[in-house]
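Everything in the sequence shown is counted per our numbering, starting at 6 for the first residue and increasing by one.
For every residue, glycine included, the Cβ atom is placed at its ideal position computed from N, Cα and C.
Since we're looking at a predicted model, the values are computed, not measured.
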Amino acid sequence: MLSRRRFLRHASAGAAGLYAATMVRSRLREQYAFAAEMGIQPEEAINLANNENSLGPGDEVMDAIDSVLGPEGVIAGRYPFRFLGPATEAIAEKFGVSTDNVLVGAGSTQILVDATHQYASADKALVGSLPTYEECFGYAALMGYRTKAVPLTPDFRMDLDQTLHAVKGSGMLFYCNPNNPVATLVDPSDSKDFLTRALDTEKDLRILVDEAYIDYVTTPGHETMIPLALENPRVIVARTFSKAYGMAGLRIGYAIAHEDTIAELSDFHMGNSVSIPALVAANAALERDRSNPDFLPDEKKRNAEARDFILKFFRDRGLSATDAQTNFIFTDVGMPVEQFQAACAAEGLRVGRPFPPLWTRCRISIGTMDEMQRAATKMARVLDSAMKMAA
Ligand SMILES: Cc1ncc(COP(=O)(O)O)c(C=O)c1O
């Protein structure tokens, strides 16, 4: 939907009708494409598959992109060099660090690949939990690097003791906290102590702390590992604008680390990978944070309310879900997840894919409250009909 503010801004530019039509078209394009794929009406389609943010980046960010691209878009004919500095400075300012402590990438994915490339190898294993976010393991497999995957504990948390064994002789630990796809968080009182012990256990170890979902954590006492990364060159923190800032399609993320580590990561970092709209968007989002300090807390609250609603839906049905600290949940669906996924798709609802070896658990992203309420109606039909078939 076109917001009133953006509509008025463009109305005053004298092209309201055309602009409104264009905006509505572009905002609905994804919805229509998805609905067409599903063979249903667009207003019926709900996409909760990829831990995205249904709200998008927001007016301030879209205005900034519009104003830099301009109606003729001539800036799009230029390389992004001069936009990288201001975005890097804005990120550095957010954390009170130097720009030498920041590396901007095309999504945090680029940072994850940079680090895996630099610190894992055929001899020095990449260590992580099973399952976890796959990017590092996927890159390691492609390159023929050694890997060690540590199964989760029975309550779907990272197994810290087993991980400590696994890091011996290894090159890099991928520490995804909260962890995707299971949504759980390491107890805040254990996290820093564990990382310090891992660094002591293996003197060559590097640790990549993935904080993609940190803005959605509601467990009291949880804190970023950025201070540890600044003081210890063997720790890197990866962050993204794809989640709470609603910019998954724009592709921008970053690393925060000691300046020597940023220099090392930069050796393998493909330059000019981040587009002008993404850099401008990040800058505008951080400017909004400065003028509206409630933006991130409000987004966290909105997500937590929709998350509580859908967690209750499953738990009321006797289906156990993990303690979600993210913009998705991970829940038992009482049937093979592929069956649940296909039945939901027939209802116009896209949910997460299987995450072996957890075959009856489904990852479901958090949309708006309205989307979650409509999704619950669809999922109730799927679960009821499976129960009837089984009876
Ligand atoms: C834990 C985790 N890290 C990193 C990413 C990649 O994010 P980006 O869009 O910044 O590349 C994701 C994406 O879902 C993720 O779940």
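Three or more beta-carbon pairs separated by less than 8 Å link the stretch 111-125 to the stretch 270-281, which places the two stretches in contact. In the three-state DSSP reduction, V109 falls in the strand class (E or B). The nearest non-hydrogen atom of ligand 1 is 7 Å or more from the C-beta of G143. When rounded, the separation of the alpha-carbon atoms in D164 and L301 is 30 Å. A distance criterion of 7 Å places the beta-carbon of S247 in contact range of ligand 1, judged by its closest non-hydrogen atom. Here the distance from the Cβ of D119 to the nearest heavy atom of ligand 1 is not below 7 Å. Remark: the C-beta of C181 is in contact range of ligand 1, defined as less than 7 Å to any heavy atom.
For the 8 Å CB-CB criterion, M177 and A253 do not form a contact.
Between the alpha carbons of A145 and L284 lies a gap of roughly 28 Å.
If you draw a straight line from the Cα of I96 to the Cα of W364, it comes to about 39 Å. Boundaries for P341: no beta strand (DSSP E) harbours it, and the DSSP string shows neither H nor E there.
Not one heavy atom of ligand 1 is found less than 7 Å from the C-beta of G75. In the DSSP assignment, G133 falls within the beta strand (DSSP E) that extends over L131 to L135. Shown here for L233: same chain residues with a beta carbon closer than 7 Å to its own, the five before and five after excluded, namely K197, L200 and V240 in chain order. Relative to ligand 1, the nearest heavy atom lies less than 7 Å away from the CB of Y138. One alpha carbon belongs to V242, the other to D215, and they sit about 6 Å apart. At least one heavy atom of ligand 1 sits closer than 7 Å to the Cβ of S113.
According to the DSSP secondary-structure assignment, D198 is paired through a beta bridge with no residue.
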